[in-house]
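Peer 1: Mapping of the sequence shown onto the numbering used here: residues 4 to 101, in sequence order. Just so it is clear, CB atoms sit at the ideal spot from N, CA and C, and this is done for glycine as well.
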Amino acid sequence: MSKVIPENIRNNLKKYPDHTHLTCLECGYVGLGGCLKISKPLIYRLSIYGAGVFIYFVVYFYGYVTSFWQNLVFGAFVALLARSTKIFVCPNCGIQFK
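1) Look up Gly97 in the DSSP assignment and say whether it is helix, strand or coil.
2) Does the beta-carbon of Pro20 have 16 or more other beta-carbons within 10 angstroms, so that it is buried, or is it exposed?
3) In terms of DSSP beta bridges, what is Leu35 paired with?
4) Looking only at its chain, what residues have a beta carbon closer than 6 Å to the beta carbon of Phe100, apart from the 5 residues adjacent to it on each side?
5) Helix, strand or coil for Val7 per DSSP?
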C-alpha cells in the first residue's frame, strides 16, 4: 500500500530543487523535505583559492616539503573552494536547519 503525501506538503516541496528524507524535531514530521544548496560567497572562495596558491608557491620555491605534501595542501584548498553548505527545510512547519 503506497502512502500519498498530503497536498499542502507536496505544494511546499515543489519550491525546492532537491529533496531528501528528514525528520523535523520541531513538529515531528517524518518524510521528504526540501534541500537547498547555498554556496559560499565568491569573495570567500577567491580568498581561499588565493591563499592556497600563495602557500603552494612559497612552499615550492623554498623547497620545505616534498611534492606529495605540496599536492595534498593544494588539494585541500581546492576542496574548500568547491565546498557548499546544504540547508534543509521542513515542508510542514517551514523551519530551516543544516
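Peer 2: Looking at the coordinates:
1) DSSP, read as helix, strand or coil, puts Gly97 in coil.
2) Burial call: exposed.
3) Note: Leu35 sits in a beta bridge opposite His24.
4) The residues Phe91, in chain order, have a CB closer than 6 Å to that of Phe100 in the same chain once the five nearest residues on each side in sequence are set aside.
5) Correct three-state label for Val7: coil.
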